[in-house]
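No gaps in the numbering here: position 206 of the sequence shown is 316 in my numbering, and each next residue is one more.
All C-beta atoms in this analysis are idealised placements derived from N, C-alpha and C, irrespective of residue type, glycine included.
Computed from a predicted model, the values in this text were never measured in an experiment.
Written below as structure tokens is the structure these notes are about.
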Amino acid sequence: MPRIAVLPGDGIGQEIIPEALKVLKVVLSQSQKEFTFQEYAIGGTAIDKFGKALPEDTLKACQEADAVLLGAIGGPKWDTLPAMERPELGALLPLRKELNLFANIRPIKIIPALLSASTLKEEIVKNVDLVVLRELTGGLYFGEKGRTTEPAAAYDVLVYTEEEVRRIVELGFQTAQGRKKKLCSVDKANVLESSRFWREITEDVAKKYPDVELTHMYVDNAAMQLVRYPEQFDVIVTENMFGDILTDLASMLAGSIGMLSSASMAGKKGMYEPAHGSAPDIAGQNKANPLATILSAAMMLRYTFGLNEEATRIEKAVIKVLDQGYRTADLAKSTEKVTGTKEMGDAVVTALS
Ligand code: NAD
Numbered sequence: 111m112p113r114i115a116v117l118p119g120d121g122i123g124q125e126i127i128p129e130a131l132k133v134l135k136v137v138l139s140q141s142q143k144e145f146t147f148q149e150y151a152i153g154g155t156a157i158d159k160f161g162k163a164l165p166e167d168t169l170k171a172c173q174e175a176d177a178v179l180l181g182a183i184g185g186p187k188w189d190t191l192p193a194m195e196r197p198e199l200g201a202l203l204p205l206r207k208e209l210n211l212f213a214n215i216r217p218i219k220i221i222p223a224l225l226s227a228s229t230l231k232e233e234i235v236k237n238v239d240l241v242v243l244r245e246l247t248g249g250l251y252f253g254e255k256g257r258t259t260e261p262a263a264a265y266d267v268l269v270y271t272e273e274e275v276r277r278i279v280e281l282g283f284q285t286a287q288g289r290k291k292k293l294c295s296v297d298k299a300n301v302l303e304s305s306r307f308w309r310e311i312t313e314d315v316a317k318k319y320p321d322v323e324l325t326h327m328y329v330d331n332a333a334m335q336l337v338r339y340p341e342q343f344d345v346i347v348t349e350n351m352f353g354d355i356l357t358d359l360a361s362m363l364a365g366s367i368g369m370l371s372s373a374s375m376a377g378k379k380g381m382y383e384p385a386h387g388s389a390p391d392i393a394g395q396n397k398a399n400p401l402a403t404i405l406s407a408a409m410m411l412r413y414t415f416g417l418n419e420e421a422t423r424i425e426k427a428v429i430k431v432l433d434q435g436y437r438t439a440d441l442a443k444s445t446e447k448v449t450g451t452k453e454m455g456d457a458v459v460t461a462l463s
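Okay, structure coming up:
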């Protein structure tokens with residue numbers, strides 16, 4: 111029986127994961143499929159309970175599971191801990207590394223009912239349908255870091271190996287082949303040696319994919335183009351930090367970061383999580399939008415288990431509830447009625463049946 115390790119984590123993670131599980135269980139029972147879901151502690155919650163952001167039991171369960179469903183981690187309560195003990199550096203990054211989840215996939219497609227929820231003009235966002243592939247286990251976030259005293263300074267080293275670049279760029283070309291066959295590689299090759307290296311390897315990989323049109327773009331220009339004319343993009347492939355920043359920016363094309371799902375993959379195995387964080391400002395208030403997590407669960411069914419029909423059913427149910435006018439606070443205009451986290455999950459369940 112397929113096994114899912116469920117990691118609610120901190121803040122709104124504790125509220126959005128139950129909604130995604132509710133939806134998953136309904137859709138799986140409709141298809142007479144049986145999965146096991148087992149919860150484990152991670153992040154600040156795990157620090158409070160076990161003294162460690164990534165307890166051994168949690169890591170082992172994630173290694174043995176077919177897929178991992180994660181809420182979000184972190185929060186002000188743990189921000190004063192030494193950097194490597196905090197939820198992000200102590201749990202999220204090592205978990206990605208241990209599971210070898212080198213590719214983060216974030217689809218961004220505008221749902222017509224949310225056209226007016228974007229902070230950008232409707233004519234700019236109406237045809238947006240793009241995927242950002244972010245390298246997830248290399249680069250600046252994983253390089254050597256430290257401080258010196260004479261002079262007082264701090265450093266983070268940005269290193270990419272050929273193998274690390276090649277595998278994410280290959281996936282970029284393959285993803286583009288299944289879509290509009292356009293790949294844009296984002297770098298900063300005018301300044302960074304690591305980017306010039308990235309570009310050379312990308313050009314080399316491109317020889318294997320003559321059917322895909324490859325372009326290169328500097329990251330500063332990419333940030334501008336994403337808000338100026340986003341429909342020009344099909345698939346974007348980029349390194350870890352550039353991808354981190356660009357995906358948050360791109361989330362606003364879809365109306366709210368609360369709508370953006372993501373998958374972090376190593377082959378078929380994946381960790382599925384919303385693109386946002388633990389939102390401490392709204393945690394515990396039934397205000398969080400659970401749709402990004404519900405859509406991440408749909409990605410899990412599609413990418414890890416090949417359950418395309420079930421994934422599509424969830425995606426259609428999400429579109430239906432938005433068409434019906436359900437809006438969490440992050441999506442609602444001042445005149446619109448606001449739906450809570452639980453009620454949004456319930457509405458998706460109703461739309462499924
Ligand atoms: P955040 O994404 O948690 O919140 C940014 C803003 O978006 C907040 O105003 C928040 O209320 C809103 N928001 C986020 N998700 C929402 C949702 N589902 N529904 C409605 N509104 C939503 O980012 P932040 O404030 O920079 O970080 C908060 C904590 O989360 C920090 O500890 C950070 O390190 C952590 N974080 C974790 C992850 C992760 O677990 N993958 C990712 C990013 C940040």
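Test item: CB-CB of residue i and residue j under 8 Å
i	j	result
I183	G119	yes
G200	A393	no
A457	T451	no
A389	L370	no
A115	Q140	no
A286	V238	no
E383	S361	no
E245	I278	yes
I346	C294	yes
L336	L281	no
P197	G161	no
L464	C172	The structure shown does not extend to residue 464, since the chain spans only 111 to 463, so no value can be given for it.
F352	Y319	no
DSSP three-state assignment for residue i, whether helix, strand or coil
i	result
N350	helix
E125	helix
R196	coil
Q140	helix
F212	coil
Y436	coil
Y251	helix
F147	strand
I392	coil
A115	strand
A263	strand
E476	Any answer about residue 476 is impossible in this case: the structure gives the chain only from 111 up to 463.
Y217	For the record, residue 217 in the displayed sequence is Pro; it is not Tyr. Here P217 sits in strand by DSSP.
Same chain, Cβ closer than 8 Å to residue i, neighbours up to 5 away in sequence not counted
i	result
L203	Y251, F252
T271	G248
E129	P400, T403, I404, T451, K452, M454, G455, V458
D189	R196
Integer Cβ distance of residue i from residue j, believed to fall under 8 Å
i	j	result
T357	I126	Not a contact, Cβ separation roughly 18 Å.
L164	A156	7 Å
A316	L324	5 Å
A408	I429	With a Cβ gap of about 11 Å, A408 and I429 do not count as contacting.
V275	I234	At roughly 32 Å, the Cβ-Cβ gap does not stay under 8 Å, so V275 and I234 are not in contact.
Y328	D297	7 Å
A151	K143	Their Cβ separation, rounded to whole angstroms, is 27 Å, which puts A151 and K143 out of contact at 8 Å.
A421	R412	4 Å
Any C-beta of chain C under 8 Å from that of residue i
i	result
A439	Among the chains of the structure shown, chain C does not appear; only one protein chain is present.
In DSSP terms, what residue i is bridged to
i	result
K379	A376
P186	According to DSSP, P186 bridges with nothing at all.
H386	Per DSSP, none; premise fails for H386.
Same chain, Cβ closer than 6 Å to residue i, five either side skipped, listed in chain order
i	result
E232	L225
M410	A177, Y382
S366	D440, L441
S304	L268, Y270
Contacting residues, own chain, Cβ-Cβ under 7 Å from residue i (five flanking each side not counted)
i	result
T414	D176, A177, K378, K379, G380
G387	A182, G184
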